[in-house]
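**Q** Here it is: the structure, laid out below.
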Amino acid sequence: MTFTAAASAHRPADLPTHLQHFINGTFVDSAGGKTFDVLDPVSNANYATAAAGQAEDVDRAVAAAREAFLHGPWPKLKARERARVLNRIADAVEAQETRLAELETFDTGLPITQARGQALRAAENFRFFADLIVAQFDDAMKVPGSQINYVNRKPIGVAGLITPWNTPFMLESWKLAPALATGNTVVLKPAEFTPLSASLWARIFQDAGLPDGVFNLVNGLGEEAGDALVKHPDVPLISFTGETTTGQTIFRNAAANLKGLSMELGGKSPCVVFADADLDAAIDSALFGVFSLNGERCTAGSRILVDRAIYDEFCAKYAARAKTIVVGDPHDPKTEVGALVHPEHYAKVASYVEIGKSEGRLLAGGGRPEHLPEGNYIAPTVFADVAPDARIFQEEIFGPVVAITPFESDEEALALANGVKYGLAAYLWTTDLARAHTFADGVEAGMVWLNSHNVRDLRTPFGGVKASGLGHEGGYRSIDFYTHQQAVHITLGMVHTPAFGRIDKGEQR
Ligand code: NAD
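Counting in our numbering, the sequence shown runs from 171 upward without gaps.
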């Protein structure tokens, strides 16, 4: 680990001290006046309060969104007109990139260089769905002489969007862009640890010409505001990203109203390094794969499985590099790992580091860096020789902690890769083409990268299997989630209809 100066007290200019809901085009507090505290992860001091949405606030937001859906112009606009608004949104996000990154880094503890990429990716999501809805066409089928059928694609209504605190603005854009592009109206419930950047959407949307009521934001705790949104009868869709256990709760709570659900959940993804891999490239990628975004990354390659033939060499080189990762002030451009989002999350990650000390051989890190006595800092931590039944092998830690395990054969590597409840991503390092494709086919993961970390084209499906999620978003799959595909059948001639009840002409019945 390389030292940077002790955490700076960097505070963005014009930092709001109170964050409100945004309902029907207006910033408002909770009807009952309830608030919660928001803190920054470097000082852990409360820098703001946020309105704590209750059921009555969610009711107001849903009512506004429903009104905008039923009687407003947005759902009925031509695709090109909606696309123009989406492109203006993308322009505004890009134009605010520096400010957004600064706020995101301040609120989440993500290194500033990595937060910058998030704003550009968020803008790209809007451009992408603007393009997609304009190019979108649907099936029409002709049954010669008898029918023409076509798909009439329609927005569904009020979409409830519930998002996590890791890369919050970017993950919100994943849901906002397709939900709005397809003509729905939305209520966004951002994560309570990181509500700061979400409030920027309101002005961005208003300035871009999104009609009032189309976008609504309710801040608050998951068990209050999130729960009310999930249970609301006028919200037919919930798109959720977060922990698997929360996803299960939402699944149960959405059952009463049979909602459409998209679930992007946790992960414990394997990075499998075979002996024939380009070792230096694999090490670069396996380091970035788990230590970027502070390890608070759903697709983190947090289990590294290494061919026994190169195991010792891999572990030695990997640990040496982990020790030189720059941990420090998230606002410092040299920082590679910043502060974990919240003291509660810090305590969780720190407890896994302690558990790991009895489950594996500690090669790097192991706790708080000495030069950072304050703030939610954990040194990049590497455990080797981790058994497959260890908790640090099985459970999502969501921090800068990695478990390395050796394997003797392709079969054993596959069994280890699949031997957890999650199935989000898998990363394979090999130069053997047949092995790569065979392993990709066998691995239980929604997404596989061969000889790469997570680099994703927006057209590809995104989603996990097993406990990592339900359904896929990405490209046309997001369009499908946020729309009904109504089948319209047009008869071209007389349809043969059995004449039930007609006995006058002696027809057979
Ligand atoms: P979380 O599940 O604690 O919270 C996510 C959101 O759900 C928050 O807005 C929270 O307020 C809300 N929530 C909590 N309880 C709720 C309830 N009962 N009803 C309705 N809403 C509720 O997750 P987190 O800690 O914010 O985020 C980290 C998790 O997200 C990790 O498990 C990570 O793997 C996962 N994640 C998954 C993906 C993916 O695409 N698969 C992407 C990013 C993060």
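Cβ coordinates follow ideal geometry from the N, Cα and C atoms, glycine included.
Compute the Euclidean distance between the alpha carbons of Val141 and Ala395, then round it to the nearest angstrom.
**A** Residue 141 lies beyond the range of the chain shown here (171 to 679); nothing can be said about it.
**Q** To the nearest angstrom, how far is it from the Cα of Leu407 to the Cα of Asn386?
**A** For Leu407 and Asn386, the distance between alpha carbons rounds to 15 Å.
**Q** Out of curiosity, what's the CA-to-CA distance linking Thr505 and Thr469?
**A** If you take the alpha carbons of Thr505 and Thr469, they lie about 21 Å apart.
**Q** Could you check the C-alpha separation between Thr608 and Gln224 for me, to the nearest Å?
**A** The alpha-carbon atoms of Thr608 and Gln224 are separated by roughly 50 Å.
**Q** With hydrogens ignored, establish whether the beta-carbon of Cys485 is closer than 7 Å to any heavy atom of the ligand NAD.
**A** No, the beta carbon of Cys485 sits no closer than 7 Å to any heavy atom of the ligand NAD.
**Q** Looking at Cys441 and the ligand NAD, is the gap between the Cβ and the nearest heavy atom below 7 Å?
**A** The answer is no for Cys441.
**Q** What are the start and end residues of the alpha helix (DSSP H) that includes Ala347?
**A** Pro338 to Ala351 is the span of the alpha helix (DSSP H), which, as asked, contains Ala347.
**Q** Just mark Thr364 as buried or exposed, buried being the case when its beta carbon has 16 or more other beta carbons within 10 Å.
**A** The residue in question, Thr364, is buried, as its Cβ has 16 or more Cβ neighbours within 10 Å.
**Q** By alpha-carbon positions, which one of Thr268, Ser409 and Phe444 ends up nearest to Leu603?
**A** Nearest option by C-alpha distance: Phe444.
**Q** Rounded to whole angstroms, what is the Cα-Cα separation between Pro186 and Glu274?
**A** If you take the alpha carbons of Pro186 and Glu274, they lie about 13 Å apart.
**Q** Quickly, what does DSSP pair Val658 with across the bridge? List them, please.
**A** The partner list for Val658 (beta bridge, DSSP) reads Tyr320.
**Q** Regarding Ile332 and the ligand NAD, is the C-beta to nearest heavy atom distance less than 7 Å?
**A** Checking the Cβ of Ile332 against the ligand NAD gives yes.
**Q** Write down every uninterrupted run of the beta strand (DSSP E) in the stretch 347-419 whose length is 3 residues or greater and which is fully enclosed by it, in chain order.
**A** Here the runs fully enclosed are 355-359, 385-387 and 407-411.
**Q** With a threshold of 8 Å on Cβ separation, who are the neighbours of Val357 within its own chain once the five nearest residues in sequence on each side are excluded?
**A** Excluding sequence neighbours, Val357 sits near Val228, Ala231, Val232, Ala235, Val328, Ala329, Gly330, Leu331, Asn386, Leu387, Val388, Leu399 and Val405.
**Q** Quick one: Cα of Gln317 to Cα of Thr667, how far?
**A** Straight-line Cα distance between these residues: approximately 15 Å.
**Q** For Ala596 and Val442, what's the separation of their Cα atoms in angstroms?
**A** The alpha-carbon atoms of Ala596 and Val442 are separated by roughly 8 Å.
**Q** Under 7 Å: does the beta carbon of Trp619 sit that close to some heavy atom of the ligand PLP?
**A** No copy of the ligand PLP occurs in the structure displayed; its ligands are the ligand NAD alone.
**Q** Return yes when at least one heavy atom of the ligand NAD lies under 7 Å from the C-beta of Ile562, else no.
**A** Because no heavy atom of the ligand NAD lies under 7 Å away, the Cβ of Ile562 does not count as near it: no.
**Q** Report the rounded CA-to-CA distance for Pro334 versus Gly412, giving the unit in angstroms.
**A** Using only the alpha carbons, I get a separation of about 5 Å.
**Q** Mind checking Met340: buried by the 16 CB within 10 Å criterion, or exposed?
**A** When all chains shown are included, Met340 counts as buried.
**Q** Is Lys636 closer than 8 Å to Lys591 when the C-beta atoms are compared?
**A** Going by C-beta atoms, Lys591 is nearer than 8 Å to Lys636.
**Q** Given a threshold of 16 other Cβ atoms within 10 Å of its Cβ, counted over all protein chains shown, does Ala175 qualify as buried or as exposed?
**A** Confidence at Ala175 is low in this model, with a pLDDT of 41, below 50, so its placement is unreliable and no value can be given for it.
**Q** Do Ala549 and Ala560 come within 8 Å of each other at the CB atom, strictly closer than that value?
**A** It is not a contact, given that the beta carbons lie outside the stated cut-off.
**Q** In three-state terms, what does DSSP make of Ser432?
**A** Note: Ser432 maps to strand in three-state DSSP.
**Q** May I ask you to check if the CB of Asp277 is nearer than 7 Å to at least one heavy atom of the ligand NAD?
**A** Result no, Cβ not under 7 Å from the ligand NAD.
**Q** With distances taken Cα to Cα, identify the nearest neighbour of Met433 among Phe410, Glu226, Phe239 and Ala451.
**A** Among Phe410, Glu226, Phe239 and Ala451, the Cα nearest to that of Met433 is on Phe410.
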